[in-house]
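Novice: One structure is given below, represented as C-alpha coordinates, and several questions about it will come after.
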Amino acid sequence: MLVSYGGAQEDWEGLAAWTDEDMHRMVGYMRDLDAELRATGELLQSEGLSGPARAFVVRGGENGVPSVVDGPFAESKEVIAGYWVVDVDSRERLLEICQKASACPGPGGKILNQPIEVHPVMGAPDEDQETLAPYR
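Okay, here's the thing in C-alpha coordinates:
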(Lines of atoms letter the chains of each structure in order from A and count residues from 1; the text may use other names and numbers.)
(Lines give C-alpha, C1' and ligand atoms only; values in the text may rest on other atoms or scores of the structure.)
Protein backbone atom coordinates (compact mmCIF):
# COMPACT_ATOMS: atom_id res chain seq x y z
CA MET A 1 0.00 0.00 0.00
CA LEU A 2 1.33 3.42 -0.95
CA VAL A 3 0.34 6.25 1.37
CA SER A 4 0.49 9.85 0.15
CA TYR A 5 0.94 12.60 2.71
CA GLY A 6 -0.57 16.01 1.98
CA GLY A 7 1.26 18.15 4.48
CA ALA A 8 -0.05 19.55 7.75
CA GLN A 9 -3.45 21.06 8.63
CA GLU A 10 -2.37 24.49 7.39
CA ASP A 11 -1.46 22.95 4.01
CA TRP A 12 -4.99 21.58 3.69
CA GLU A 13 -6.41 24.96 4.62
CA GLY A 14 -4.15 26.47 1.94
CA LEU A 15 -5.98 24.48 -0.75
CA ALA A 16 -8.65 27.19 -0.68
CA ALA A 17 -6.10 29.53 -2.27
CA TRP A 18 -5.37 27.17 -5.17
CA THR A 19 -6.76 28.31 -8.51
CA ASP A 20 -9.28 26.14 -10.33
CA GLU A 21 -6.56 25.45 -12.90
CA ASP A 22 -4.16 24.24 -10.17
CA MET A 23 -6.82 21.99 -8.64
CA HIS A 24 -7.82 20.52 -12.02
CA ARG A 25 -4.15 19.92 -12.88
CA MET A 26 -3.55 18.04 -9.62
CA VAL A 27 -6.75 15.97 -9.81
CA GLY A 28 -6.14 15.24 -13.50
CA TYR A 29 -2.61 14.07 -12.74
CA MET A 30 -3.86 11.65 -10.08
CA ARG A 31 -6.65 10.37 -12.35
CA ASP A 32 -4.12 9.77 -15.14
CA LEU A 33 -1.85 7.87 -12.73
CA ASP A 34 -4.78 5.73 -11.59
CA ALA A 35 -5.78 5.07 -15.22
CA GLU A 36 -2.22 4.00 -16.08
CA LEU A 37 -2.07 1.61 -13.13
CA ARG A 38 -5.54 0.26 -13.88
CA ALA A 39 -4.57 -0.37 -17.52
CA THR A 40 -1.51 -2.39 -16.47
CA GLY A 41 -3.56 -4.37 -13.93
CA GLU A 42 -1.39 -3.10 -11.06
CA LEU A 43 -4.02 -0.95 -9.32
CA LEU A 44 -6.12 -2.85 -6.79
CA GLN A 45 -7.62 0.21 -5.08
CA SER A 46 -7.01 3.93 -4.63
CA GLU A 47 -8.77 6.76 -2.85
CA GLY A 48 -8.19 10.40 -2.09
CA LEU A 49 -9.15 11.29 1.46
CA SER A 50 -10.94 14.31 2.89
CA GLY A 51 -8.95 16.82 4.92
CA PRO A 52 -7.98 16.25 8.54
CA ALA A 53 -10.74 18.50 9.89
CA ARG A 54 -13.25 15.80 8.89
CA ALA A 55 -11.23 12.90 10.34
CA PHE A 56 -11.78 11.28 13.72
CA VAL A 57 -10.53 8.37 15.84
CA VAL A 58 -12.80 5.71 17.33
CA ARG A 59 -11.74 3.41 20.20
CA GLY A 60 -13.70 0.53 21.67
CA GLY A 61 -14.56 2.51 24.81
CA GLU A 62 -16.17 1.14 27.93
CA ASN A 63 -19.50 -0.62 28.39
CA GLY A 64 -19.91 -0.97 24.64
CA VAL A 65 -19.91 2.80 24.08
CA PRO A 66 -17.27 3.90 21.58
CA SER A 67 -14.95 6.78 22.39
CA VAL A 68 -14.78 9.27 19.50
CA VAL A 69 -12.13 11.99 19.22
CA ASP A 70 -12.35 14.55 16.42
CA GLY A 71 -9.34 15.48 14.27
CA PRO A 72 -7.09 17.06 13.31
CA PHE A 73 -4.65 15.08 15.37
CA ALA A 74 -1.89 16.71 17.39
CA GLU A 75 0.15 13.48 17.34
CA SER A 76 0.87 13.82 13.62
CA LYS A 77 2.47 16.67 11.72
CA GLU A 78 1.64 15.19 8.31
CA VAL A 79 -1.85 14.14 7.26
CA ILE A 80 -2.75 11.39 4.84
CA ALA A 81 -4.04 12.70 1.52
CA GLY A 82 -4.77 9.37 -0.14
CA TYR A 83 -3.53 5.89 -0.90
CA TRP A 84 -3.06 3.26 -3.58
CA VAL A 85 -3.04 -0.50 -3.16
CA VAL A 86 -0.93 -1.91 -5.98
CA ASP A 87 0.37 -5.32 -7.01
CA VAL A 88 3.68 -5.01 -8.84
CA ASP A 89 6.26 -7.47 -10.14
CA SER A 90 9.39 -5.68 -8.91
CA ARG A 91 10.80 -3.16 -6.50
CA GLU A 92 11.90 -1.08 -9.49
CA ARG A 93 8.31 -0.79 -10.71
CA LEU A 94 7.15 0.08 -7.19
CA LEU A 95 9.70 2.90 -6.99
CA GLU A 96 8.64 4.15 -10.44
CA ILE A 97 5.01 4.36 -9.29
CA CYS A 98 6.02 6.09 -6.03
CA GLN A 99 8.08 8.64 -7.96
CA LYS A 100 5.11 9.43 -10.21
CA ALA A 101 2.76 9.77 -7.25
CA SER A 102 5.22 12.04 -5.43
CA ALA A 103 5.64 14.24 -8.51
CA CYS A 104 2.04 15.46 -8.44
CA PRO A 105 1.80 19.11 -9.52
CA GLY A 106 0.75 21.82 -7.09
CA PRO A 107 0.11 25.55 -7.52
CA GLY A 108 1.49 26.89 -10.78
CA GLY A 109 2.42 23.35 -11.85
CA LYS A 110 5.29 23.17 -9.35
CA ILE A 111 6.07 19.55 -8.46
CA LEU A 112 5.05 18.86 -4.84
CA ASN A 113 7.44 15.94 -4.16
CA GLN A 114 5.09 14.67 -1.46
CA PRO A 115 6.39 11.75 0.60
CA ILE A 116 4.96 8.39 -0.42
CA GLU A 117 5.16 5.82 2.36
CA VAL A 118 5.19 2.13 1.37
CA HIS A 119 3.47 -0.46 3.56
CA PRO A 120 3.53 -4.04 2.23
CA VAL A 121 0.14 -5.67 2.65
CA MET A 122 0.47 -8.79 4.76
CA GLY A 123 -1.24 -12.06 4.01
CA ALA A 124 -2.67 -14.50 6.54
CA PRO A 125 -0.08 -15.66 9.13
CA ASP A 126 0.10 -19.18 7.72
CA GLU A 127 0.63 -17.79 4.19
CA ASP A 128 3.04 -14.92 4.81
CA GLN A 129 6.10 -16.35 6.55
CA GLU A 130 8.47 -13.81 4.93
CA THR A 131 6.66 -10.79 6.40
CA LEU A 132 6.35 -12.35 9.85
CA ALA A 133 9.95 -13.66 10.04
CA PRO A 134 11.44 -10.50 11.65
CA TYR A 135 8.89 -10.69 14.47
CA ARG A 136 9.42 -14.32 15.47
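Heads up: the sequence shown begins at 1353 in the numbering used here, then just goes up one per residue.
Heads up, the beta-carbon is just placed ideally off N, CA and C, and yes, glycines get one too.
Between Trp1364 and the rest of its own chain, which residues show a CB-CB distance below 8 Å, the 5 nearest in sequence each way excluded?
Specialist: Gly1358, Gly1403, Pro1404, Ala1405 and Val1431
Novice: Out of Arg1445, Tyr1435 and Gly1460, point me to the one whose CA is closest to Ile1468's CA.
Specialist: Tyr1435
Novice: Measure the beta-carbon distance from Asp1374 to Pro1459 and round it to whole angstroms, keeping in mind my assumption that it falls under 8 Å.
Specialist: Taking 8 Å as the upper bound for CB-CB distance, Asp1374 and Pro1459 are in contact here, some 5 Å apart.
Novice: List the residues that DSSP assigns as beta-bridge partners of Tyr1357.
Specialist: In DSSP, Tyr1357 forms a bridge with Ile1432.
Novice: Taking only the alpha-carbon atoms, compute the straight-line gap between Thr1371 and Met1378 and give it to the nearest angstrom.
Specialist: Rounded to the nearest angstrom, the gap between the Cα atoms of Thr1371 and Met1378 is 11 Å.
Novice: Mind checking who Ile1463 pairs with in its DSSP beta bridge?
Specialist: Residue pairing of Ile1463 in beta bridges, as defined by DSSP: Pro1457.
Novice: Have a look at Gln1397 and Gly1416 and give me their C-alpha separation to the nearest angstrom.
Specialist: 32 Å
Novice: Output the distance between the C-alpha atoms of Ala1455 and Lys1462, rounded to the nearest integer angstrom.
Specialist: 9 Å
Novice: Excluding the five sequence neighbours on either side, which residues of its own chain have a C-beta within less than 7 Å of the C-beta of Val1401, listed in chain order?
Specialist: Note that residue 1401 is Leu in the sequence shown, not Val. Ile1432, Ala1433 and Gly1434.
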